[in-house]
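Here the sequence shown is numbered in my numbering, starting from 2 and rising by one per residue.
Cβ atoms here follow ideal geometry from the backbone N, Cα and C, with glycine treated the same way.
Report on the following structure.
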Amino acid sequence: MKMVFTELLGSHDRLKEAFPDDELILFDGPLDKEELIDEAQEAELLSVFIRTPVDEEVIDSLPKLSMINTRSVGFDHIDAKHAAERGITVTHVPEYGPHVVAEHAFCLLLACARNLISADRSVKDEKKFDFHPFMGVELRNKTLGVLGTGKI
2 MKMVFTELLG SHDRLKEAFP DDELILFDGP LDKEELIDEA QEAELLSVFI RTPVDEEVID
62 SLPKLSMINT RSVGFDHIDA KHAAERGITV THVPEYGPHV VAEHAFCLLL ACARNLISAD
122 RSVKDEKKFD FHPFMGVELR NKTLGVLGTG KI
């Protein structure tokens with residue numbers, strides 16, 4: 002089976018081990034529409050991430066395609082309705098890293114509370130640091146939470 006993977010971030014060896022008998026075409030970054038159509042022309046499986054759009058034109062240009070997989074929770078970058086009309090299965094990862102996203106939300110909250118990004122830029126760009134403008138807000142005696150995020 003010929004499979005095309007985009008936006009891999011260096012996981013080539015694991016995929017080659019998992020699919021030793023298949024033809025894999027692997028890309029570290031996203032592909033634009035023309036590149037995707039060209040590279041996936043004979044593909045049966047297309048595995049993408051959030052920066053590789055798979056629209057009606059892409060789907061109609063890949064005659065052997067039977068499955069589109071996105072390694073993300075959301076799949077709004079894929080025309081799932083058109084894929085279904087063509088008999089192409091679309092899969093995603095509905096439980097992808099909710100704890101990691103929540104941790105990242107708190108990381109960003111702390112960075113904002115302490116003006117971390119401004120402080121970092123000041124040191125890098127101006128080669129100086131005066132801590133007074135970057136003291137930020139203390140979190141002591143504060144209540145923190147993330148509301149209304151759904152599964153993530």
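Residue i versus residue j: straight-line alpha-carbon distance, rounded
{"i": "Ile-118", "j": "Leu-109", "result": "10 Å"}
{"i": "His-100", "j": "Pro-21", "result": "32 Å"}
{"i": "Leu-63", "j": "Asn-142", "result": "57 Å"}
{"i": "Cys-113", "j": "Phe-107", "result": "10 Å"}
{"i": "Thr-7", "j": "Asn-116", "result": "35 Å"}
{"i": "Phe-35", "j": "Ala-44", "result": "What sits at residue 35 in the sequence shown is Glu, not Phe. Cα to Cα, Glu-35 sits roughly 15 Å from Ala-44."}
{"i": "Pro-95", "j": "Leu-37", "result": "24 Å"}
{"i": "Asp-121", "j": "Met-136", "result": "13 Å"}
{"i": "Asp-33", "j": "Asp-61", "result": "15 Å"}
{"i": "Val-49", "j": "Arg-72", "result": "6 Å"}
{"i": "Lys-129", "j": "Val-138", "result": "22 Å"}
{"i": "Gly-11", "j": "His-93", "result": "20 Å"}
{"i": "Leu-111", "j": "Leu-140", "result": "9 Å"}
Cutoff 6 Å; reference residue i; Cβ partners in own chain excluding five residues on either side
{"i": "Pro-54", "result": "His-78"}
Within 7 Å, strictly: CB atoms of residue i and residue j
{"i": "Pro-31", "j": "Arg-52", "result": "yes"}
{"i": "Leu-66", "j": "Val-5", "result": "no"}
{"i": "Ile-69", "j": "Val-102", "result": "no"}
{"i": "Leu-97", "j": "Val-124", "result": "Per the sequence shown, residue 97 should be read as Tyr rather than Leu. Contact flag unset, no."}
{"i": "Leu-9", "j": "Asp-29", "result": "yes"}
7 Å Cβ shell around residue i - same chain, five flanking residues per side excluded
{"i": "His-13", "result": "Leu-27"}
{"i": "Glu-57", "result": "Asp-80, His-83"}
{"i": "Arg-87", "result": "Ile-60"}
{"i": "Glu-40", "result": "Val-5, Ile-26, Leu-32"}
{"i": "Lys-17", "result": "Leu-25"}
Bridge-paired residues (DSSP) for residue i
{"i": "Leu-10", "result": "Beta-bridge pairing links Leu-10 to no other residue."}
{"i": "Val-5", "result": "Ile-26, Leu-47"}
**Item:** Runs of beta strand (DSSP E) wholly within the region 40–127 (minimum 3 residues, chain order)
**Value:** Qualifying beta strand (DSSP E) stretches, in chain order: 46–49, 68–71, 90–92.
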